[in-house]
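Student: This is the structure I have questions about; it appears just below.
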Amino acid sequence: MTQPTDPAQLADALESTDYLPDEGLATAAYLALVMHRPLFLEGEAGVGKTALARALAEVTGRPLYRLQCYEGLEASHALYDWDFGRQLLHLRAAEAAHATGDTEQLEAGLYDRRFLLARPLLQALEDSPSVLLVDEVDRADDEFEAFLLEVLSDFTISVPELGTIRAETPPLVVLTSNRTREVHDALKRRCLYHWLEHPDFDREVAILRRRLPEVTDELARQVARATGRLRELDLLKPPGVAEAMDWASALHALGCRELDPDTAARTLGAVLKYREDGERVRSLARGALFGA
565 MTQPTDPAQL ADALESTDYL PDEGLATAAY LALVMHRPLF LEGEAGVGKT ALARALAEVT
625 GRPLYRLQCY EGLEASHALY DWDFGRQLLH LRAAEAAHAT GDTEQLEAGL YDRRFLLARP
685 LLQALEDSPS VLLVDEVDRA DDEFEAFLLE VLSDFTISVP ELGTIRAETP PLVVLTSNRT
745 REVHDALKRR CLYHWLEHPD FDREVAILRR RLPEVTDELA RQVARATGRL RELDLLKPPG
805 VAEAMDWASA LHALGCRELD PDTAARTLGA VLKYREDGER VRSLARGALF GA
């Protein structure tokens with residue numbers, strides 16, 4: 565699509581991809597797009613943070629590059645690396661052709677762009693314009709967070725052997741966090757911020773019906789209602805929209821057209837991912853939780 569002219573137009577485009585944003589999220593995404601500012605999304609797991617980046621890539625027609633963060637992630641894993649295997653083959657080919665006389669030229673040839681393995685950050689800058697998803701940045705170390713702040717400040721990467729690589733158009737950057745730890749203020753200040761809540765009942769039903777058209781309307785409503793009740797309990801991992809969709813799909817696969825307490829109890833593994841949560845729910849009055 566062409567560049568959206570306002571948040572409402574972007575929201576309509578996102579809905580066409582089966583992603584249903586609320587007004588606040590559509591506004592934040594629109595501002596990130598037109599202001600070339602990273603969008604920092606926080607919220608419980610499964611509320612649609614990662615899915616928004618995919619939907620934005622689809623509606624803007626941009627390629628999506630995803631950097632999955634984890635403890636111990638180093639800059640080289642996010643930026644680039646040299647293809648040592650191809651460099652070695654290049655050396656052997658030069659030796660076989662007796663072209664090893666000019667050692668400086670041979671050494672320079674080893675660091676040609678064709679031997680550079682681009683990782684997500686470099687790919688997003690080179691393939692401009694693009695969407696860059698930095699997923700679960702709260703799992704990375706403080707050192708990587710500081711490095712990421714430097715890259716996002718001017719969208720340039722320095723490769724000593726090749727020079728500076730700059731994005732012609734800054735990528736649309738989406739950073740997500742499940743808030744397993746607090747991300748430093750310096751990185752947040754660089755970004756637009758939005759907290760994603762669990763959807764209300766009507767919007768969750770709409771999401772289930774849109775993403776799972778084979779599920780009956782009654783089953784979608786009962787799953788949304790039951791999922792909402794589960795979120796009110798003191799669980800280790802309250803279910804998100806992703807778990808609600810898994811649950812509805814599992815019930816549909818069993819031939820259910822509506823939710824009953826016995827079937828709900830048998831399929832809790834689709835919506836609850838901790839043994840303690842399952843035991844707690846099973847110990848409660850299932851009719852009160854899962855009854856119509």
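Using this note's numbering, you'd call the opening residue of the sequence shown number 565 and step up by one each time. We put the CB at the ideal spot given by N, CA and C, even for glycine.
1) Rounded to whole angstroms, what's the CA-CA distance from P585 to S722? Just pull it up for me.
2) Please identify the residue among L605, P571, P568 and Y594 whose C-alpha is closest to the C-alpha of E746.
3) Over the uninterrupted alpha helix (DSSP H) stretch that includes D810, give me the two end residues.
4) Using a 10 Å radius around the Cβ and a threshold of 16 neighbouring Cβ atoms, would you call Q786 buried or exposed?
5) Quick one, which of L685, V738 and Y634 has its alpha-carbon nearest A619's?
6) Hey, could you find the ends of the beta strand (DSSP E) D645 is sitting in?
7) Within the continuous alpha helix (DSSP H) that includes E556, where are the two ends?
8) Mapping the DSSP letters down to three states, classify H762 as helix, strand or coil.
9) Which residue wins for smallest C-alpha separation from H600, given the options P825, S692, A812 and A829?
10) How would you write the range of the alpha helix (DSSP H) that S580 sits in, first residue to last?
11) If we require 4 or more residues per run, which alpha helix (DSSP H) segments fall completely within the region 738 to 783?
12) Return the CA-CA distance between M809 and A657, expressed in angstroms with no decimal places.
13) Less than 8 Å between the C-beta atoms of A812 and V779, yes or no?
14) Between the C-alpha atoms of D576 and L674, what's the straight-line distance to the nearest angstrom?
15) Where DSSP assigns a beta bridge to Q632, which residues make up the other side?
16) Could you pull out every residue in the same chain whose Cβ sits closer than 6 Å to the Cβ of V769, ignoring the five residues on either side in sequence?
17) Report buried or exposed for D841, applying the criterion of at least 16 other Cβ atoms within 10 angstroms of its Cβ.
18) With a cut-off of 8 Å on the beta carbons, I'd call L628 and A617 a contact; round off their distance for me.
19) DSSP beta-bridge partners for F604?
20) For the beta strand (DSSP E) holding T720, just list the boundary residues, first then last.
21) Which class does G610 belong to by DSSP, given the choice of helix, strand or coil?
22) Is G871 helix, strand or coil when you go by DSSP?
23) Quick one: is G833 buried, meaning 16 or more other Cβ sit within 10 Å of its Cβ, or exposed?
24) Tell me the DSSP bridge mates of T728?
25) Just list the residues that DSSP pairs L680 with in beta bridges.
26) Of all the options I729, L696 and G804, which has the alpha carbon lying nearest to the alpha carbon of N742?
27) With DSSP run on the structure shown, which of helix, strand or coil describes R789?
28) Go ahead and pull the three-state DSSP assignment for Y583.
29) So what does DSSP say about R618, is it helix, strand or coil?
30) Using a 10 Å radius around the Cβ and a threshold of 16 neighbouring Cβ atoms, would you call A817 buried or exposed?
Tutor: Working from what's here:
1) 37 Å
2) L605
3) V805 to A817
4) buried
5) Nearest option by C-alpha distance: V738.
6) Y644 to W646
7) This structure cannot speak to residue 556, because the chain is shown only from 565 to 856.
8) coil
9) Closest by alpha carbon: S692.
10) P571 to S580
11) The region 738 to 783 contains these whole alpha helix (DSSP H) runs: 749 to 753 and 765 to 775.
12) 55 Å
13) yes
14) 49 Å
15) D699
16) A784, R785 and A788
17) buried
18) 7 Å
19) Paired residues: L739 and Y757.
20) Where T720 is concerned, the enclosing beta strand (DSSP E) starts and stops at T720 to V723.
21) G610 falls in the coil class under three-state DSSP.
22) Coverage of the chain is limited to positions 565 through 856, which leaves residue 871 absent and any answer about it impossible.
23) exposed
24) S722
25) W646
26) G804
27) helix
28) coil
29) helix
30) exposed
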